[in-house]
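Written below as structure tokens is the structure these notes are about.
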Amino acid sequence: MTEPTPELLTDILGRVLEESAFILAEPDQEPPRWGGAVLRASIAFESTRGGTLRILTNPQAASEIAANMLGIDQGEEEARSSGRAAVSELLNVVGGAFLTRYFGSAVPSQLGLPDTELLAAPPPDAHRTCAATVRLESGEPVVLELDLEER
Amino acid sequence: MLVVDDSPVTRKMVRRALGLCGLEVAEVHEASDGAEALDKLGQHHIDLVLADINMPVMNGIELVEHMARDPDLCTVPVIIVATPMSQDRVEHVLDKGARAYLAKPFRPEALRDVVVQILGTQGGSHD
Amino acid sequence: MNIVTVGIGELQVSADRAAVMVTHGLGSCIAVIAYDRRRRIGGMLHFQLPSSELAPDRAAESPGTFADTGIPLLFEAMYALGSRKEDILVKAAGGGNFHDDNGTFDIGRRNHTMMRKIFWKAQVLVSAEDVGGSKSRTARLYLDTGQVTIQSGSEVTPL
């Protein structure tokens, strides 16, 4: 099994955003410069190797994702209040897609429950195996990080 | 109908998709985990359950197992709507009694197809 | 049989039960085919691009060119003939992956995603679709029965 790549994460995140939120995200080689609050969602997994996946984004992007998932306008209060839950569910679906893509569907795998927190300031860089950044149609960033246990 | 998922966003999406099925849906109840789902099943007549697997308190597999052992609930069909993870997990929950498995992210047409297949084109409203 | 041809970037509606609505040359474009089963009113849109956001002047001139302006207009035109949303069945065809004039390879996929987004937001189910791949398609709607066929080359299949 080869090591995971940023391209794999970009593809998985992009496909899930397209299928679940009708968003055609564009890959961005540059990591975002966070300007304020950051939403961070984490989910642990177990397979032939264990690890953690994380999504980092901002509340505006979270509202955009929620609005698209729910089929409502981004300006609606429900979109804003559902942002955190939308990012949490996005990570849940990304997690499943990653397990089947990277380890294969024939390998028993397990996902934990997503844990999402709103941080007042950008978090310090966490250890990660690789990461990918995409931009939503609004230009807002979504980062997917993978922290895979050493062999 | 009963939608069981710890994600409020997913519950709303499933509820919205159920509204597009072309069936007369009398009422859609919600639960955020398997234990709450069993409470709702005890309080209301439910024709169909749509449940996630990964949930706190009681997960979807445990819910299916509970329902299969209960003479009052064993005939209520369960459709699993969950992120697939691995084939053995899909097979396991179907073995335990779930009638179908719909992978997330689901398309509303796919949900419609599996709901209609399970409930049939029988007339009358469904809960 | 009265043939109602829908050109690229156009939409048409009809309540003529003898009509057959047809649109040709569906490459990356998508045909949205709408049929009111109760009143036998049909509508067809042949859109080329997903969003009018960057081309409002063009959208004003030719709203059928874009999914986000064409689809609502198609439904409004059907309502104007007496149709109701709950009676309309929607199908779609096209969205193939070709290089377009700008060299963009995935316009078909973008069109398809935008169409699905619009219908999800409008709470309309796409009951059947024949999309993707790299074949060119012709879509036909027979207003007497509501039957939809998709032709690619010499092969004609019901949708």
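Taken in sequence, the protein lines are chains A, B and C.
In short: position in the first sequence from 1, add 1025, done, that's the working numbering.
In short: position in the second sequence from 1, add 4, done, that's the working numbering.
In short: position in the third sequence from 1, add 252, done, that's the working numbering.
Backbone N, C-alpha and C fix where the C-beta goes; we use that ideal spot for every residue, glycine too.
Under 9 Å by beta carbon: chain A residues contacting residue i
i	result
residue 19 of chain B	Here the premise fails: no neighbours, minimum Cβ distance about 10 Å.
residue 60 of chain B	1138
Spatially closest choice to residue i from the options, by CA coordinates
i	options	result
residue 1111 of chain A	A/1124, A/1139, A/1072, A/1127	A/1139
residue 76 of chain B	B/58, B/42, B/83	B/42
residue 12 of chain B	B/37, B/131, B/97	B/37
residue 1115 of chain A	A/1068, A/1176, A/1157	A/1068
residue 1160 of chain A	A/1120, A/1070, A/1060, A/1042	A/1042
residue 1092 of chain A	C/362, C/372, C/404	C/372
residue 5 of chain B	B/65, B/33, B/81	B/33
residue 1058 of chain A	A/1027, A/1129, A/1149, A/1143	A/1149
residue 333 of chain C	C/400, C/387, C/291, C/305	C/291
residue 285 of chain C	C/405, C/314, C/265	C/265
residue 388 of chain C	C/400, C/360, C/370, C/394	C/360
residue 91 of chain B	A/1027, A/1105, A/1132	A/1132
residue 1120 of chain A	B/58, B/20, B/7, B/35	B/58
residue 78 of chain B	B/60, B/103, B/95	B/103
residue 1136 of chain A	A/1033, A/1070, A/1066, A/1113	A/1070
residue 1033 of chain A	A/1128, A/1104, A/1083	A/1128
residue 1026 of chain A	A/1151, A/1074, A/1090, A/1147	A/1074
residue 99 of chain B	B/114, B/111, B/83	B/83
residue 8 of chain B	B/112, B/39, B/121	B/39
residue 28 of chain B	B/52, B/10, B/35, B/111	B/52
residue 1048 of chain A	A/1039, A/1106, A/1060, A/1102	A/1039
Chain-ordered chain C contacts of residue i [CB-CB under 9 Å]
i	result
residue 1049 of chain A	302, 358, 361, 362, 365, 366
N- and C-terminal bounds of the beta strand (DSSP E) containing residue i
i	result
residue 1079 of chain A	1076-1082
residue 1065 of chain A	1063-1071
residue 381 of chain C	378-383
residue 254 of chain C	254-257
residue 404 of chain C	400-404
residue 389 of chain C	389-394
residue 1051 of chain A	1051-1053
residue 266 of chain C	263-266
residue 271 of chain C	271-278
residue 295 of chain C	293-299
Test item: CB-CB of residue i and residue j under 7 Å
i	j	result
residue 272 of chain C	residue 368 of chain C	no
residue 89 of chain B	residue 1078 of chain A	no
residue 1162 of chain A	residue 1085 of chain A	no
residue 402 of chain C	residue 311 of chain C	no
residue 301 of chain C	residue 275 of chain C	no
residue 293 of chain C	residue 330 of chain C	yes
residue 1095 of chain A	residue 108 of chain B	no
residue 1173 of chain A	residue 1100 of chain A	no
residue 326 of chain C	residue 295 of chain C	yes
residue 131 of chain B	residue 70 of chain B	no
residue 342 of chain C	residue 364 of chain C	no
residue 347 of chain C	residue 282 of chain C	yes
residue 396 of chain C	residue 339 of chain C	no
residue 67 of chain B	residue 85 of chain B	no
residue 1168 of chain A	residue 1154 of chain A	no
residue 46 of chain B	residue 55 of chain B	no
residue 1108 of chain A	residue 1134 of chain A	no
residue 1064 of chain A	residue 1082 of chain A	yes
residue 1062 of chain A	residue 1156 of chain A	no
residue 132 of chain B	residue 123 of chain B	Shown here, chain B extends from 5 to 131; a query on residue 132 of chain B therefore has no answer.
residue 298 of chain C	residue 323 of chain C	no
residue 374 of chain C	residue 411 of chain C	no
Continuous alpha helix (DSSP H) stretch holding residue i: start and end
i	result
residue 321 of chain C	319-332
residue 66 of chain B	64-73
residue 16 of chain B	12-22
residue 309 of chain C	308-313
residue 366 of chain C	359-373
residue 1170 of chain A	No alpha helix (DSSP H) contains residue 1170 of chain A, which is instead part of the beta strand (DSSP E) from 1166-1173.
Contact list for residue i against chain B, beta-carbon separation under 7 Å
i	result
residue 1133 of chain A	90, 92
residue 377 of chain C	24, 112, 113, 116
residue 1120 of chain A	87
residue 1156 of chain A	In chain order: nothing, as chain B lies at least about 21 Å away.
residue 1092 of chain A	Ordered by position in chain B, no residue passes the 7 Å Cβ test against residue 1092 of chain A, which lies about 11 Å from the chain.
residue 1114 of chain A	11, 13, 14
Contacts of residue i in chain A (Cβ-Cβ under 8 Å)
i	result
residue 373 of chain C	1096, 1097
residue 337 of chain C	Chain A residues near residue 337 of chain C: none, gap ~15 Å exceeds 8 Å.
Closer than 8 Å at the beta carbon, the chain B residues around residue i
i	result
residue 1041 of chain A	109
residue 1117 of chain A	11, 58, 87, 108
Within chain B, partners of residue i - CB distance below 9 Å
i	result
residue 1124 of chain A	87, 88, 89, 90
residue 1107 of chain A	12, 13, 16
Amino acids of chain A, ordered along the chain, whose beta-carbon sits closer than 7 Å to that of residue i
i	result
residue 16 of chain B	1095
Chain E contact for residue i (CB, 7 Å cutoff)
i	result
residue 369 of chain C	Absent here is chain E; the protein component of the structure consists of chains A, B and C.
Any non-hydrogen atom of the ligand SAM within 6 Å of residue i CB
i	result
residue 72 of chain B	The ligand SAM is not part of the structure shown, which contains no ligands of any sort.
Uninterrupted beta strand (DSSP E) stretches inside the segment 40-121 of chain B (no shorter than 3 residues): 53-55, 82-86, 104-107
Segments of 3+ residues assigned as beta strand (DSSP E) that fall wholly inside the segment 1097-1159 of chain A: 1140-1144
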